[in-house]
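Heads up: the sequence shown runs through residues 2 to 306, numbered per this note's numbering.
Below: the structure, in structure tokens.
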Amino acid sequence: WTAGFFPNMLWESYKRRKYLQSSAKYQGEPSLDSWLQQARAWTDPLITNVNLTNTHDVGFLSFPFDAALELDPDRSRANTWLPVLQQMSYNLAARFVPAPGVIRSWDTNNNSAAMRGSHEDSVLVIIDNMMNLALLARSAFEYTRNHTLLEIAISHANRTRDHHIRPDGSSFHVCDYSADTGQLYLCRTAQGLADNSTWARGQAWAIYGFVQMYSYTKDPSYLATSLKCADWFLDRLPADGVPFWDFDAPYLPDQTPRDTSAATIAASGLILLQEQLAGTGFKYAGNRNYQSAAIRLLRDAISLA
Numbered sequence: 002w003t004a005g006f007f008p009n010m011l012w013e014s015y016k017r018r019k020y021l022q023s024s025a026k027y028q029g030e031p032s033l034d035s036w037l038q039q040a041r042a043w044t045d046p047l048i049t050n051v052n053l054t055n056t057h058d059v060g061f062l063s064f065p066f067d068a069a070l071e072l073d074p075d076r077s078r079a080n081t082w083l084p085v086l087q088q089m090s091y092n093l094a095a096r097f098v099p100a101p102g103v104i105r106s107w108d109t110n111n112n113s114a115a116m117r118g119s120h121e122d123s124v125l126v127i128i129d130n131m132m133n134l135a136l137l138a139r140s141a142f143e144y145t146r147n148h149t150l151l152e153i154a155i156s157h158a159n160r161t162r163d164h165h166i167r168p169d170g171s172s173f174h175v176c177d178y179s180a181d182t183g184q185l186y187l188c189r190t191a192q193g194l195a196d197n198s199t200w201a202r203g204q205a206w207a208i209y210g211f212v213q214m215y216s217y218t219k220d221p222s223y224l225a226t227s228l229k230c231a232d233w234f235l236d237r238l239p240a241d242g243v244p245f246w247d248f249d250a251p252y253l254p255d256q257t258p259r260d261t262s263a264a265t266i267a268a269s270g271l272i273l274l275q276e277q278l279a280g281t282g283f284k285y286a287g288n289r290n291y292q293s294a295a296i297r298l299l300r301d302a303i304s305l306a
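Pasting the structure below:
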């Protein structure tokens, strides 16, 4: 599910170098053309993922193709990138289960206890899946112009908002629904400490995923949800600013694992949150500068390197 991240970073590095061509390069920095060639070379082999139908993470896997479609100066290559994005969005939409109104995250016919449903008709949804909805939204507006895809993304986001997010702004990792009736069976954890704890990376996915959905839909409930999750996250950071792997994990000096990936995911979401808040007139209780909070998160995470 992470295979698209590094190629996407190469495209982002190409984009940065392109916009900063008048600036001095750091010692040993590749040329603009070298960034482009590396980005293409790492993206091309991932085209085989166009046929994946057994995972919700095609959203993550689509990242480099979306970047390539935007940035590749050879516009004839759009004939390669665009069909991949179109098919990936349809593959993700095919995992939508109408009764509960959600996209199935994990298939339950496997041997993993964490991925096993509580009932024969269980549909498992993890908070991570919020990050894949952007593929459907972009497809509805750009790749396919099929607005049913946006409706699917909205349905999934609404159910996640209503069931994964607790009243205080913390989050469950997994919610388990009935495919037949849409009933919510239960919410629990798979990668966190306990069913009633808050897995740090999942909380970060919630911050980012909901503000991303707000950026596409302008539904104020998504912005409010992202704000609530962000404030909960920031209010519970330890003194050194680097989140524990689970916010409810007992603190043992120099032993409790930290999650710098949760920190960087949250930082990305916080930057987008600050951008989306600017000029909206949205009324919220806090007066935080979320961009400054993001910078602190990154600084504190890097301090552990």
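Ideal Cβ positions, reconstructed from N, Cα and C, are used throughout, including at glycine.
From the DSSP output, read off the bridge partner residues of residue i.
i, result
"D247", "W200"
"C176", "V126, C188"
"R18", "The partner list for R18 (beta bridge, DSSP) is empty, contrary to what the question assumes."
"W107", "L125"
"V85", "V85 is not bridged to any residue."
"R259", "F245"
"V212", "Its beta-bridge partners do not exist; DSSP assigns none."
"F97", "I104"
"I166", "S172"
Short of 8 Å in beta carbon distance, which residues of its chain neighbour residue i, apart from the five on each side in sequence? Order them along the chain.
i, result
"F6", "F61, F64"
"Y252", "P239, F245"
"P74", "L37"
Look at the alpha carbon of residue i and the alpha carbon of residue j, and state the distance between them as a whole number of angstroms.
i, j, result
"A4", "M132", "15 Å"
"N9", "T281", "30 Å"
"F97", "D163", "17 Å"
"G29", "S119", "54 Å"
"I296", "V175", "29 Å"
"R146", "A138", "10 Å"
"S32", "T44", "18 Å"
"D58", "L134", "10 Å"
"T199", "A205", "10 Å"
"D220", "E276", "15 Å"
"R328", "R259", "A question about residue 328 goes unanswered here, because the residues of the chain that appear run from 2 up to 306."
"G270", "S171", "16 Å"
"W36", "P168", "45 Å"
"W82", "D67", "8 Å"
"S304", "R76", "41 Å"
"A42", "K19", "18 Å"
"P38", "I272", "Reading off the sequence, residue 38 comes out as Gln, not Pro. One C-alpha to the other measures close to 29 Å."
"A191", "V124", "14 Å"
"A306", "G242", "14 Å"
"A279", "N288", "12 Å"
"S23", "D255", "45 Å"
"E13", "A69", "10 Å"
"G210", "R237", "20 Å"
"K26", "R17", "11 Å"
"W2", "A267", "19 Å"
"S293", "L47", "35 Å"
"H148", "L21", "37 Å"
"D232", "I166", "13 Å"
"F283", "N290", "14 Å"
"Q184", "V212", "27 Å"
"L224", "T161", "14 Å"
"T34", "A302", "The residue you asked about is not Thr; residue 34 is Asp in the sequence shown. For D34 and A302, the distance between alpha carbons rounds to 32 Å."
"T49", "A40", "16 Å"
"R78", "F142", "20 Å"
Hey, residue i and residue j are a contact pair by Cβ (cut 8 Å); roughly how many whole angstroms apart?
i, j, result
"V103", "H157", "5 Å"
"S106", "V126", "5 Å"
"A263", "M214", "So it is not a contact: roughly 20 Å between Cβ atoms."
"F245", "T257", "5 Å"
"D196", "Y186", "The pair is not a contact, with the Cβ atoms about 13 Å apart (cut-off 8 Å)."
"S227", "L274", "6 Å"
"D108", "N159", "In fact, because the Cβ distance is near 23 Å, the residues do not count as touching under 8 Å."
"T265", "L235", "Their Cβ separation, rounded to whole angstroms, is 14 Å, which puts T265 and L235 out of contact at 8 Å."
"A250", "C230", "Going by Cβ atoms, the distance from A250 to C230 rounds to 19 Å, so no, they are not a contact pair."
"Y144", "L72", "No, Y144 and L72 are not in contact; Cβ-Cβ is about 16 Å, not under 8 Å."
"L53", "N92", "6 Å"
Grab me the residues of residue i's own chain with a C-beta within less than 7 Å of its C-beta, minus the 5 sequence neighbours each way, in chain order.
i, result
"V51", "V85, Q88, M89"
"T182", "A100"
"A94", "L137, L150, I153"
"L11", "W36, Q39, A40, W43"
Leaving out five residues on either side along the sequence, give the residues of the same chain with a beta carbon under 6 Å from the beta carbon of residue i.
i, result
"G193", "H174, W200, D247"
"S140", "S90, L150"
"M116", "W107"
"D122", "S179, A180, D181"
"I217", "The question names Ile, but residue 217 in the sequence shown is Tyr. Excluding sequence neighbours, Y217 sits near A138."
"Y285", "L228"
"R189", "V175, D196"
"D129", "W206"
Contained alpha helix (DSSP H) runs [length at least 4] in the segment 41-81, N- to C-terminal order: 59-62, 64-72
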